[in-house]
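2 protein chains.
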Amino acid sequence: MDAVRVVIAECQVDYGGRLTAHLPMARRLIVVKADGSVSVHADDRAYKPLNWMSPPCTTTITPAAQADLGATTADIDPRVREVWMIRSKSGDFLQISVGEIELDYTTELGIDPGLRKDGVEAHLQALLAENPATFGEGWSVVQREYMTAIGPVDLLCRDELGCYVAVEVKRRGEIDGVEQLTRYLDLMNRDPLLGEVRGVFAAQQIKPQARTLATDRGISCLVVDYDALRGLDHAEDRLF
Amino acid sequence: MDAVRVVIAECQVDYGGRLTAHLPMARRLIVVKADGSVSVHADDRAYKPLNWMSPPCTTTITPAAQADLGATTADIDPRVREVWMIRSKSGDFLQISVGEIELDYTTELGIDPGLRKDGVEAHLQALLAENPATFGEGWSVVQREYMTAIGPVDLLCRDELGCYVAVEVKRRGEIDGVEQLTRYLDLMNRDPLLGEVRGVFAAQQIKPQARTLATDRGISCLVVDYDALRGLDHAEDRLF
DNA sequence: ACGTCAATTTCGGGT
DNA sequence: ACCCGAAGTTGACGT
């Protein structure tokens, strides 16, 4: 069924799976997408639903009269007209007890052309790789995504003295990124071929605690101006 | 305006802010909530919209004819009937160029009674705090959320010999949790008042890599059975 | 399939 | 307001 269904109705919701959750009866927006996913929204909390079921999952709709026959645990709310049971393969379930329905609209949307993004971490890494002078005069990039046993280092560089430097690139520099770079440096500094490897933590923004931790570990911090870098990039495009 | 608005329409979307993104013209589901948030959905990707604007933000709707007057950069798609400009205070914007509208429905949902959850990390921590024998005979809990300079340790305990033990509680134990506990232990072991502090990593599930890293650092791992603990809890309720 | 890491993460709680 | 950590995180990518 390749369509979206939008429902506004009184409903009560019970979820069981990685946790259990309950929503008392109230009027809400229910969206069923072509992928089978179901989400239940209140009129706040931005785009996050109160409760949901991710695809793949299957929905079974039962009239309240029949659902009643199987109900042994508790009385069914008399307002309930039908029960939607949505199950995933992992055993999660979302039970929506639907009362009065105010809107029930189904339509086809077709395939979406998809989203084009610009400005994510990968672009920042690419721009830095093309402009190693951002780190300092005489710096060069040895390799992007330099593989180690525990994962890829974003940029492996050499400084003006030829010393290796591992660069961790983040859009927003937080403590996790420093931990990540620390793990790489610990490993790389056991490799005699590389000699002593220094670390640079490069991000558009660096949180104070991340900077403190980095400094404490002898890692340099570099705040990168994405727009300026992109400008450099465009300037080069014009020159050559 | 305390209401939800559900629109199904042809639209093109342009976002600028922390990154830039573009969606070509296609039929989509647009949801405007009472908090002012706007989200644009395709019929897949579960509950995540293709693009959105989080509250607080303000929406200005302009008929295409007028929007055209201000258009200097590019021709406006002739299918566009009105332009929604949604702006946040931080300068992010979401521009939705709306074409043919298939559905436009607005209604009040009222205040939602809200979601009740059970089984999150806080509950696991509370159950462990009430049942320190889970860690071992003769263990006691000194404090929950024991504050350190770099954040709160989930549980500070004493073992059967009276030695301090820092416990990190997770629903799912992964490498980040081990790093977190390691930072706490590094700090606490500099405090002469505590003496030597050991570490315990307690979770419902522990990933192999997390276990390996923990063991390597002298941190004990404990897999906790949430249901059994809850059972203990209920048993106690009945006994006293 | 699993592990790793990014995300316009979002969301809630504390200081 | 910022900072921190949890989340039913979700999602993409590589092994």
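Chains A and B are the protein sequences, given in the same order.
Residue numbers 1 to 240, in the UniProt record's numbering, belong to the letters of the first sequence in order.
Residue numbers 1 to 240, in the UniProt record's numbering, belong to the letters of the second sequence in order.
In this text, a Cβ means the ideal position worked out from N, Cα and C, and glycines have one as well.
Where residue 80 of chain A falls: helix, strand or coil (DSSP): coil
In chain B, which residues lie with their C-beta within 9 angstroms of the C-beta of residue 211 of chain A? Under the 9 angstroms cutoff, chain B gives no residues; its nearest Cβ is about 14 angstroms from residue 211 of chain A.
For residue 121 of chain A, does the three-state DSSP call read helix, strand or coil? Looking at residue 121 of chain A - three-state DSSP - the assignment turns out to be helix.
Proximal residues to residue 55 of chain B (C-beta, below 6 angstroms), its chain only, five neighbours per side dropped: 35, 36 and 37
Report all residues from its chain with a CB closer than 7 angstroms to the CB of residue 24 of chain A; omit the five preceding and five following residues, and keep chain order. 12
Kindly list, in the order they appear in chain A, the residues whose Cβ is closer than 8 angstroms to that of residue 217 of chain B. None at all; the shortest Cβ gap to chain A is about 12 angstroms.
So with Cβ pairs under 8 angstroms, would you call residue 19 of chain B a contact of chain A? yes
With distances taken Cα to Cα, identify the nearest neighbour of residue 164 of chain A among A/173, A/146 and A/52. A/146
I'd like to know whether the C-beta of residue 110 of chain A is nearer than 8 angstroms to at least one C-beta of chain B. Residue 110 of chain A counts as touching chain B.
Determine the DSSP secondary structure at residue 179 of chain A, reduced to helix, strand or coil. helix
Assuming the contact rule is C-beta atoms closer than 8 angstroms, residue 52 of chain A and residue 42 of chain B should be a hit. Round their C-beta distance to whole Å, please. With a Cβ gap of about 16 angstroms, residue 52 of chain A and residue 42 of chain B do not count as contacting.
Consider the Cβ of residue 34 of chain A: report whether some Cβ of chain B lies at a distance smaller than 8 angstroms. yes
Alpha-carbon to alpha-carbon, residue 217 of chain B and residue 18 of chain B: 38 angstroms
Bridge partners for residue 6 of chain B per DSSP, in chain order? B/31 and B/105
For residue 134 of chain A and residue 229 of chain A, believed in contact at Cβ under 8 angstroms, the rounded distance: 7 angstroms
Return the first residue and the last residue of the beta strand (DSSP E) that residue 154 of chain B is part of. Unbroken beta strand (DSSP E) run through residue 154 of chain B: 151–158.
With a 10 Å radius around its C-beta and 16 neighbouring C-beta atoms as the bar for buried, classify residue 173 of chain A as buried or exposed. buried
Find the residues of chain A that neighbour residue 52 of chain B, judging by a C-beta separation of less than 9 angstroms, and give them in chain order. 46 and 47
Three CB pairs or more closer than 8 angstroms across the segment 167–182 of chain A and the segment 203–218 of chain A: yes
Taking the Cβ atom as the reference point for each residue, do residue 155 of chain A and residue 141 of chain A lie within a distance shorter than 8 angstroms? yes
Proximity test, Cβ basis, 8 angstroms: residue 232 of chain B and chain A: no
Given a cut-off of 8 angstroms, decide if residue 84 of chain B and residue 111 of chain B are closer than it, judged by their beta-carbon atoms. no
Element boundaries [alpha helix (DSSP H), containing residue 42 of chain A]: Segment: none, residue 42 of chain A is in no alpha helix (DSSP H) and carries neither H nor E.
What residue does the alpha helix (DSSP H) around residue 213 of chain A start on, and which one ends it? 208–216
Cβ closer than 8 angstroms: which chain B residues qualify as neighbours of residue 63 of chain A? The contacting residues do not exist; residue 63 of chain A stays about 25 angstroms from chain B at best.
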